[in-house]
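J.: Residue numbering for the sequence shown follows my numbering, beginning at 10 and increasing consecutively.
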Amino acid sequence: CKITDVSSLNIVYSQGAHAMCSGAKSLKKFGNILIAGGGSLAQAFYTCTALTSIGTITVAAGTKYDLTFYQASALTDITFAGTIGKSIDMQHSPLSKESIESIINHLSASTTGQTLTLKKTAVNAAFGIDVDDSTTYPEGSEYYVLRHSKDNWTISYI
Numbered sequence: 010c011k012i013t014d015v016s017s018l019n020i021v022y023s024q025g026a027h028a029m030c031s032g033a034k035s036l037k038k039f040g041n042i043l044i045a046g047g048g049s050l051a052q053a054f055y056t057c058t059a060l061t062s063i064g065t066i067t068v069a070a071g072t073k074y075d076l077t078f079y080q081a082s083a084l085t086d087i088t089f090a091g092t093i094g095k096s097i098d099m100q101h102s103p104l105s106k107e108s109i110e111s112i113i114n115h116l117s118a119s120t121t122g123q124t125l126t127l128k129k130t131a132v133n134a135a136f137g138i139d140v141d142d143s144t145t146y147p148e149g150s151e152y153y154v155l156r157h158s159k160d161n162w163t164i165s166y167i
């Protein structure tokens with residue numbers, strides 16, 4: 010399939026969108042997704058290496074993200090709505106500041122034992138910091154406040 014732009018597409022799934030676009034290496038833009046039943050987004054954008062933007066993904070706390078964005082190595086723009094309640098791995102994506110903020114702001118405030126994995130260079134570039142050096146984002150700084158608004162989550166960097 011050589012489709013590159015489905016940014017005007019709005020998808021509603023009641024049970025999830027498992028492997029929806031998996032392997033669509035030409036796909037660059039995707040529209041909005043509503044996962045009404047909180048099902049799975051597992052492998053939905055697996056190896057979509059040209060994908061740069063996804064509209065708004067509206068999720069429920071039970072939505073699963075197993076390998077959803079694996080090797081989505083061009084993804085910079087994504088917006089979440091709803092509540093992210095399960096671990097989510099964005100380590101391959103050079104996300105924009107707005108995208109990182111959207112993800113962290115939609116992490117569940119009550120869930121524990123879950124992990125958000127971000128691409129270290131994306132966070133560093135977006136916020137002008139070095140996540141390995143806490144002196145670059147002291148208490149009260151923009152990233153510090155954002156990151157610590159979800160202390161119930163483990164946020165890791167690769």
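Cβ coordinates follow ideal geometry from the N, Cα and C atoms, glycine included. Just so we're clear, the structure is a prediction, and the values are computed from it rather than from any experiment.
#1: Among Gly94, Leu36, Thr56, whose alpha-carbon lies nearest the alpha-carbon of valine 100?
#2: Just mark valine 68 as buried or exposed, buried being the case when its beta carbon has 16 or more other beta carbons within 10 Å.
#3: Can you tell which of Asn161, Gly40, Ser31 has its C-alpha closest to the C-alpha of phenylalanine 89?
#4: Going by C-alpha to C-alpha distance, which of Ala53, Leu60, Ala51 sits closest to lysine 38?
#5: Would you mind working out which of Ile66, Ile93, Leu50 sits nearest threonine 121, comparing C-alpha positions?
#6: Start and end of the beta strand (DSSP E) containing phenylalanine 39?
#7: Could you spell out where the beta strand (DSSP E) holding valine 68 opens and where it closes?
#8: Just to confirm before moving on: does the CB-CB distance between isoleucine 97 and leucine 125 stay below 9 Å?
#9: In terms of residue numbering, what span does the beta strand (DSSP E) encompassing tyrosine 168 cover?
#10: Between the alpha carbons of lysine 95 and serine 35, how many angstroms are there, rounded?
#11: What is the residue span of the alpha helix (DSSP H) that serine 108 lies within?
#12: Give every residue of the same chain whose Cβ lies closer than 6 Å to the Cβ of aspartate 139, excluding the five residues on either side of it in the sequence, and list them in chain order.
#13: For threonine 124, which three-state DSSP category applies?
#14: Would a C-beta distance cut-off of 9 Å place asparagine 161 and serine 111 closer than the cut-off?
#15: For aspartate 75, which residues of its own chain have a beta-carbon under 6 Å away from its beta-carbon, when the five flanking residues on both sides are left out?
#16: Work out the CA separation of lysine 159 and serine 117 for me, nearest whole Å.
T.: Let me lay it out:
#1: In the sequence as presented, valine is not what sits at residue 100; that position holds glutamine. Considering only alpha carbons, the answer is Thr56.
#2: buried
#3: Gly40
#4: Leu60
#5: Ile93
#6: 38-44
#7: 62-68
#8: Yes, these two residues count as a Cβ contact at 9 Å.
#9: What is shown of the chain runs 10 to 167, which leaves residue 168 out entirely.
#10: 28 Å
#11: 106-114
#12: Asn133, Thr145
#13: strand
#14: no
#15: Ala51
#16: 8 Å
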